[in-house]
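Asks: This is the structure I want to talk about, given as structure tokens.
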Amino acid sequence: MKTFSLALRNLLRNRRRSLTTLLAMVVGLTAILLFGGYRANITYGIETGFVQGSGHLQIQHQNYYLEGGDNPTAYGITDYQHIIDVVQHDPELAPLLNMVTPTLQLGGLAGNFAAGISRSVFASGVIPEQRAQMEKWNDYGLIGYIKPLALTGTSPDSVVIGDGLARKLKLCKALNIVGCVQSETPVVSTGADAPADIAALSDLEQIDVKPDQGTRIEMLASTAHGAPNVASLSVIASRNMGIKALDDVYLAMHLSQAQKLIYGSGDPQVTAIQIQLKHTDQIPAAKARLQKLIAQHFPNQPLEVLDFATLNPMYGQTAQFMNSMFGFIATLIAVIVLFTIGNTMSTAVVERTVEIGTLRAMGLRRSGLRFLFLCEGILLGLIGAAAGVIIALGIAYLINHSGLTWTPPGYSYAYLILVRVWQDPALLIGSVVGLVLVTVVSAWWPANRASKMMIVDALRHV
Amino acid sequence: MYPVVFKKVVKTYHLDAVDVPALTDIDLEIRANCFTVISGPSGSGKTTLLNLIGCIDRANSGSVMVAGQDVNAMSDDALSDFRAHHLGYIFQNFNLLPVLSTFENVEYPLILTRMPAAKRKERVMALLDAVGLADRVQNRPGQLSGGQRQRVAIARALATEPKLVLADEPTANLDSQTGAAIITLMRKMQREHQVSFVFSSHDPQVQAEADDTIFIRDGRITGVERKLPEHVA
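If you're matching them up, the sequences are chains A and B in order. 1 is the number of the first residue of the first sequence in the working numbering; add one for each residue after it. 1001 is the number of the first residue of the second sequence in the working numbering; add one for each residue after it.
This is the structure we're talking about:
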């Protein structure tokens, strides 16, 4: 007779009570797993979006992130191709890398002068093929919502803009954007005409421009020397960027075009070198190596390495918020399970007091008796955990195939409600281990009380 | 050698702030291979004395030697192991484990002594055969009559081949006919297994069967009656 066998039979002795206890555990674990799976889907989704868009790590000019975001000329990185070569050919880093690509971020004004409209934009100069490759990163097997960047193989003056920006620039019809609602009322400018020098620059840009289908815009930016510069651009597509605030200002262009706009014929620079790793957990190792390489090879350049969580505080804030919610729910459920099992085991101890005395009289040690009751708690925990996991997986399957959607605050997409239970082994294992630990803790006190009973008192118990 | 020797044993219970003497200056020798009955009125200290002999309670003072060992000096774990190897118990309410079968109930003490499974099976079947329950091995206690349950308890008490079997009012919950049959069985087993049985009992049938009778009143031994001469025992 093994202790676990005896423990199992003792649990089956009062089936209704054991089932009630199990039910509390199953409901608790299911709730934890489903919420944990939902949390994981959200945080992984945000992480994937940032990693696809800007990589895991970025090499930037020192303080560019804190102070120079709107000043690419002062915080540009020269000789960036050399840095990229060093990174790509480093034997320690190479196996970790998915992509190393330069980018130039710049702000400016985009104008659809045919419609008499101009809007502030936040532009990214990218190498389209490399950007397209980056956007394929999907380490968590998530559903992609954003359309691929359509710049690959296009002319240097091609740009892709956000759906929101397209709406603001009255380009919805020209770009055939489905579901894009824009007012037909012409916007009458109340401001003064453009200065003569800007107008002259604009006219100059128009000389080489081919006739288009109403998708031509002009972008005004400040050059490295502080002078205004204008580029005539062809909007070839738009894409919904998910977050409305970004969607309303997003503009992606060829890196060469962005460099021409900012640096003219001078030495081209970039504002960041984006590094996408194969997996997120490689960040610490890759970051340490990058810092070492920079110190070794580019001691005179004021560069720093920043990870995506630092560059995108929203990720950390969202993760923290979701984690605190998860922690609160998990703690609440753990306390409920703790008391439920504690109550069940305490009742069992009282009911079986004479049996405890008999076992001790026959020679079962205190530790053996304690272990017997702990085994009952552990078995309850394991059975509850198994049932909870199965039910949670079933409910997760139903939710994931239900097509239910919601639009998170500040987002412009209705996202499918998905829960990642099976795909998140850490959540699964952590929750199961946590539940079993809670059962052990809750069974400990009654088990200890049983083991400390005086044999003669236990045998006298009525 | 006497399996049980008590010298100046005192046992006092503390009830709230009051000390209640249960046994006072007990000097006692229990002979080997005898049927010994502790007899006395309710509250005289029979069960307390039996508990001390059975090593499930400790004396406040005095010397308690069981199977040649000073049990008062043993740790709790050592005492548990001692009970598992040297003592058997038969309870008034049988105290069988309800979730175990007849076979498993008898087997349980052998598991505590870590006896190999094959040997356990052999021993249990022999004992169940001896108490007439070989055809009830798979039955649970709830499926047995009172007499059958007490037979299982007797087999369980003898499973580890103890030196001493303690029985607290073993026939109190049985009708007189079944009680008599149980006494006969215990007597038979005691002789076959060459073991000492110590009872606490009011039952005249038990007392009639006793080799030795210890009379106790108000926590003191008032007399010992030995039916068998010393050299026979």
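Backbone N, C-alpha and C define an ideal beta-carbon position, used for all residues, glycine too. Computed from a predicted model, the values in this text were never measured in an experiment.
#1: Would you please state the rounded distance, in angstroms, between the beta carbons of B/PRO1041 and B/ARG1220? I believe it to be under 8 Å.
#2: Would you report the Cα separation of B/ALA1167 and B/ALA1017, rounded to the nearest angstrom?
#3: Of all the CB atoms in chain A, is at least one closer than 8 Å to the CB of B/ASP1019?
#4: Hey, could you find the ends of the alpha helix (DSSP H) A/ILE83 is sitting in?
#5: Consult DSSP for A/THR353 and reduce its assignment to one of helix, strand or coil.
#6: Is the number of C-beta pairs between the segment 399-413 of chain A and the segment 13-20 of chain A that are closer than 8 Å three or more?
#7: Which residues in the same chain have their Cβ closer than 7 Å to the Cβ of A/THR344, if we skip the five residues on either side of it in sequence?
#8: Under the three-state reduction of DSSP, which class applies to A/ASN343: helix, strand or coil?
#9: For A/VAL100, collect the residues of the same chain with a Cβ closer than 7 Å to its Cβ; drop the 5 residues on either side in sequence, then sort them by chain order.
#10: Quick one: is B/ASN998 near chain A, going by C-beta distance under 8 Å?
#11: Out of B/ALA1032, B/SER1044, B/VAL1004, B/LEU1097, point me to the one whose CA is closest to B/ARG1222's CA.
#12: What are the boundary residues of the alpha helix (DSSP H) that includes A/PHE35?
#13: Find the nearest neighbour of A/PRO148 within the set A/ILE161, A/SER118, A/LEU93, judged by alpha-carbon distance.
#14: Please state whether DSSP places A/LYS452 in a helix, a strand or coil.
#15: Quick check: what's the CA-CA separation for A/GLN282 versus A/ASP79?
#16: Kindly say whether B/ARG1083, judged by its beta-carbon, lies nearer than 8 Å to any beta-carbon of chain A.
#17: Please look up how many angstroms separate the CB atoms of B/VAL1206 and B/ALA1155, rounded, as I've assumed it's under 8 Å.
#18: Does any residue of chain B have a CB that is nearer than 8 Å to the CB of A/MET362?
#19: What first and last residue would you give for the beta strand (DSSP E) that runs through A/GLU304?
#20: Report the residue ranges of all alpha helix (DSSP H) runs contained in full by the segment 1180-1216 of chain B; include only those spanning at least 4 residues, in chain order.
#21: Got a sec, what are the start and stop residues for the beta strand (DSSP E) A/LEU57 sits in?
#22: Terminal residues of the continuous beta strand (DSSP E) containing A/GLN276?
#23: If you run the structure through DSSP and keep just helix, strand and coil, what is A/GLY242?
#24: On the three-pair Cβ rule with 8 Å, is the segment 42-50 of chain A touching the segment 304-319 of chain A?
#25: When you compare the CB of A/VAL462 with every CB in chain B, is at least one pair closer than 8 Å?
#26: I'd like the ranges of any alpha helix (DSSP H) spanning at least 4 consecutive residues and lying wholly in the segment 1040-1119 of chain B.
#27: By the criterion of Cβ-Cβ separation under 8 Å, what are the contact partners of A/ARG13 in chain B?
#28: Tell me, to the nearest whole angstrom, how far the beta carbon of A/SER120 is from that of A/LEU109; I am working on the premise that it is less than 8 Å.
#29: In whole angstroms, give me the CA-to-CA distance for A/HIS225 and A/GLY125.
#30: Have a look at the DSSP bridge pairing and note the partners of B/HIS1014.
#31: Which residue wins for smallest C-alpha separation from A/ILE32, given the options A/GLY388, A/PRO408, A/THR439, A/ALA450?
#32: In this structure, does DSSP put A/PRO493 in helix, strand or coil?
#33: In three-state DSSP terms, what is A/ARG420?
#34: Indicate whether B/THR1171 and B/SER1201 have their beta-carbon atoms separated by less than 8 Å.
#35: Taking C-beta pairs closer than 7 Å, name the residues in chain B that A/ARG9 reaches, listed in chain order.
#36: Looking at the unbroken beta strand (DSSP E) that takes in A/ALA218, where does it start and where does it end?
Replies: By the coordinates alone:
#1: In the second sequence, the residue the question calls residue 1041 of chain B occupies position 41. In the second sequence, the residue the question calls residue 1220 of chain B occupies position 220. Their Cβ separation, rounded to whole angstroms, is 13 Å, which puts B/PRO1041 and B/ARG1220 out of contact at 8 Å.
#2: Taking the second sequence and counting its residues from 1, the one referred to as residue 1167 of chain B is at position 167. Taking the second sequence and counting its residues from 1, the one referred to as residue 1017 of chain B is at position 17. Each residue's alpha carbon lies about 32 Å from the other.
#3: Along the second sequence, one-based indexing puts residue 1019 of chain B at 19. No, B/ASP1019 lies away from the interface with chain A (no Cβ there is under 8 Å from its Cβ).
#4: As a first step, residue 83 of chain A is located in the first sequence; it is residue number 83 there, counting from the start. Element bounds for A/ILE83: 80-88.
#5: On the first sequence, residue 353 of chain A is found 353 positions in, with the first residue counted as 1. Three-state DSSP puts A/THR353 in a helix.
#6: no
#7: Along the first sequence, one-based indexing puts residue 344 of chain A at 344. Result list for A/THR344: ARG17, THR21, in chain order.
#8: Taking the first residue of the first sequence as 1, we reach residue 343 of chain A at position 343. Looking at A/ASN343 - three-state DSSP - the assignment turns out to be helix.
#9: Working through the first sequence from its first residue, we reach residue 100 of chain A at position 100. Closer than 7 Å at the Cβ level, and outside the excluded window around A/VAL100, lie ILE84, VAL87, GLN88, ILE273, ILE275.
#10: The question about residue 998 of chain B has no answer here: the residues shown for chain B are numbered 1001 through 1233.
#11: The sequence position of residue 1222 of chain B within the second sequence is 222, counting from 1. Here residue 1222 of chain B is Thr; the residue named in the question, Arg, does not match the sequence. Here the closest residue by C-alpha is B/SER1044.
#12: Locating residue 35 of chain A in the first sequence gives position 35, counting from the first residue. Note, A/PHE35: alpha helix (DSSP H), 15-54.
#13: On the first sequence, position 148 is the one that residue 148 of chain A refers to. Among A/ILE161, A/SER118, A/LEU93, the Cα nearest to that of A/PRO148 is on A/ILE161.
#14: In the first sequence, counting from the first residue as 1, residue 452 of chain A sits at position 452. Coil.
#15: By one-based count along the first sequence, residue 282 of chain A stands at place 282. By one-based count along the first sequence, residue 79 of chain A stands at place 79. Cα to Cα, A/GLN282 sits roughly 26 Å from A/ASP79.
#16: Looking up residue 1083 of chain B in the second sequence gives position 83. B/ARG1083 counts as touching chain A.
#17: Position 206 of the second sequence, counting from 1, holds the residue named residue 1206 of chain B. Position 155 of the second sequence, counting from 1, holds the residue named residue 1155 of chain B. Actually they are not in contact, since the Cβ atoms of B/VAL1206 and B/ALA1155 sit about 19 Å apart, beyond 8 Å.
#18: Translated into the one-based positions of the first sequence, residue 362 of chain A becomes position 362. Yes - at least one Cβ of chain B is within 8 Å of the one on A/MET362.
#19: Locating residue 304 of chain A in the first sequence gives position 304, where the first residue counts as 1. First-last of the beta strand (DSSP E) with A/GLU304: 303-307.
#20: 1204-1209
#21: If you number the first sequence from 1, residue 57 of chain A lands on position 57. Per DSSP, A/LEU57 belongs to the beta strand (DSSP E) from 57-61.
#22: For the purposes of this step, residue 276 of chain A is taken as residue 276 along the first sequence, with counting starting at 1. From DSSP, the beta strand (DSSP E) with A/GLN276 extends over 272-277.
#23: Residue mapping note: residue 242 of chain A aligns to position 242 of the first sequence, counting from 1. Of the three classes helix, strand and coil, the one that applies to A/GLY242 here is coil, per DSSP.
#24: yes
#25: Position 462 of the first sequence, counted from the first residue, corresponds to residue 462 of chain A. It does not; no Cβ of chain B falls within 8 Å.
#26: 1046-1053, 1076-1086, 1102-1112
#27: Counted from its first residue, the first sequence places residue 13 of chain A at position 13. Per Cβ cutoff of 8 Å: PRO1098, VAL1099.
#28: Here the question's residue 120 of chain A lines up with position 120 in the first sequence. Here the question's residue 109 of chain A lines up with position 109 in the first sequence. That pair is a contact at about 6 Å.
#29: Position 225 of the first sequence holds residue 225 of chain A. Position 125 of the first sequence holds residue 125 of chain A. In a straight line, the C-alpha of A/HIS225 is about 19 Å away from that of A/GLY125.
#30: Taking the first residue of the second sequence as position 1, residue 1014 of chain B is located at position 14. DSSP, once it has assigned bridges, lists B/ASP1019 as partnering B/HIS1014.
#31: One-based indexing of the first sequence puts residue 32 of chain A at position 32. Answer by Cα proximity: A/GLY388.
#32: Residue 493 of chain A cannot be examined here, being either before or after the span of chain A that is shown, 1 to 462.
#33: Within the first sequence, numbered from 1, the residue matching residue 420 of chain A stands at position 420. Note: A/ARG420 maps to coil in three-state DSSP.
#34: Reading the second sequence from its first residue, position 171 is the one you call residue 1171 of chain B. Reading the second sequence from its first residue, position 201 is the one you call residue 1201 of chain B. It is a contact, given that the beta carbons lie within the stated cut-off.
#35: By 1-based counting over the first sequence, the position of residue 9 of chain A is 9. Those are VAL1099, listed as they occur along chain B.
#36: Locating residue 218 of chain A in the first sequence gives position 218, counting from the first residue. Here the sequence assigns Glu to residue 218 of chain A, which means Ala is not the residue at that position. Run containing A/GLU218: 216-222, per the beta strand (DSSP E) assignment.
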